[in-house]
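> So my numbering is basically just the index in the sequence shown, starting at one, shifted up by 44.
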Amino acid sequence: MMIIFILFVASDPSLLVHSEKIIHPVLRGKKYADNDGKGGDGGGNASLKKICEATEDAKLCVSTISPLLKRRGGAATVQAVLEAGINASYELAKVGSAMAKKLAMGPTGGSGVKDCQGSFDDALYNINQTIEALKSHDVGTMNSMLSAVVSDMSDCDSSLAGNGSPLTKLGDKLANVTSICLGIVSQMEG
45 MMIIFILFVA SDPSLLVHSE KIIHPVLRGK KYADNDGKGG DGGGNASLKK ICEATEDAKL
105 CVSTISPLLK RRGGAATVQA VLEAGINASY ELAKVGSAMA KKLAMGPTGG SGVKDCQGSF
165 DDALYNINQT IEALKSHDVG TMNSMLSAVV SDMSDCDSSL AGNGSPLTKL GDKLANVTSI
225 CLGIVSQMEG
C-alpha cells in the first residue's frame, strides 16, 4: 500500500533512490518515460486520464501519478490516484525541507530561507495529517490540510521575495502537485 511507503521512506535510505526517480521528472516538468516508451501517461490509462481531467493541471497529474501507479500495480481508482499524489507531495516537501535546511546553514541562508524551511516543515506535517485523514476517508480534513500545504508554499515564496532561490521553484511544484490532490479529493465520495 502506498501509505506504508510514505511513512517509512525517511527511515530507509535505499528507498530514496525510488524517490529520486519520481521527484526529478516532476521538478523538471517533464513527463516520466515509462517502460512502454509512450511517455508518462501509461500508454493510455483512460481511468487515470479521466480522474486527472478534474484537476487544475491534467498533464502534470498524469505525468506525476502514472509512474507511481505503475509501481504499485492495480487499477487507477480515485483512492489510488490520491495516494500516489499525496506520495509525490510528501517527497517534494521532504526534498524542500532538506534543501532549505542546507541553504539555511550556508552563506545565503537568511531569515527568508529559514522561514521557508519552516514552511516546508509545516507542509510535511500537513501532508502527514492528510495521510491520517485519508485512512478514515475524512474529505473535509484532507481538503483543509492540502489547502494548508498550498498556503505554506505561498508563505515560502513570499519570504524569499523573488531572490531566485531554488526553493521557489520547488515550492511552486509542491503547490501544483498538491493542488492536483485537491482536485482528486473532490472526486471522493463523502
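Ideal Cβ placement from N, Cα and C applies to all residues, glycine included.
Report the rounded CA-to-CA distance for residue 126 versus residue 156, giving the unit in angstroms.
32 Å
> Give me, in chain order, the residues of the same chain whose beta-carbon lies closer than 7 Å to that of residue 161; leave out the 5 immediate sequence neighbours on both sides.
Around residue 161: 141, 144, 145 and 148.
> Tell me which residues share the same chain as residue 189 and place their Cβ nearer than 6 Å to its Cβ, disregarding the 5 neighbours each side in the sequence.
170, 173 and 174
> Quick check on this structure: which residue in 224, 168, 123 and 210 has the alpha carbon closest to the alpha carbon of residue 178?
123
> Give the secondary structure of residue 221 by DSSP, where H, G and I count as helix, E and B as strand, and everything else as coil.
helix
> Just reading off the alpha helix (DSSP H) that residue 89 is part of, what are its end residues?
Taken as a continuous stretch (DSSP letters only), residue 89 belongs to no alpha helix (DSSP H), as it is neither H nor E.
> Once the 5 residues before and after residue 163 are set aside, which same chain residues still bring their CB inside 6 Å of it?
196, 199 and 200
> When DSSP labels each residue in this structure, what does residue 121 get in the three-state scheme?
In the structure shown, residue 121 sits in coil (DSSP, three-state: anything other than H, G, I, E or B).
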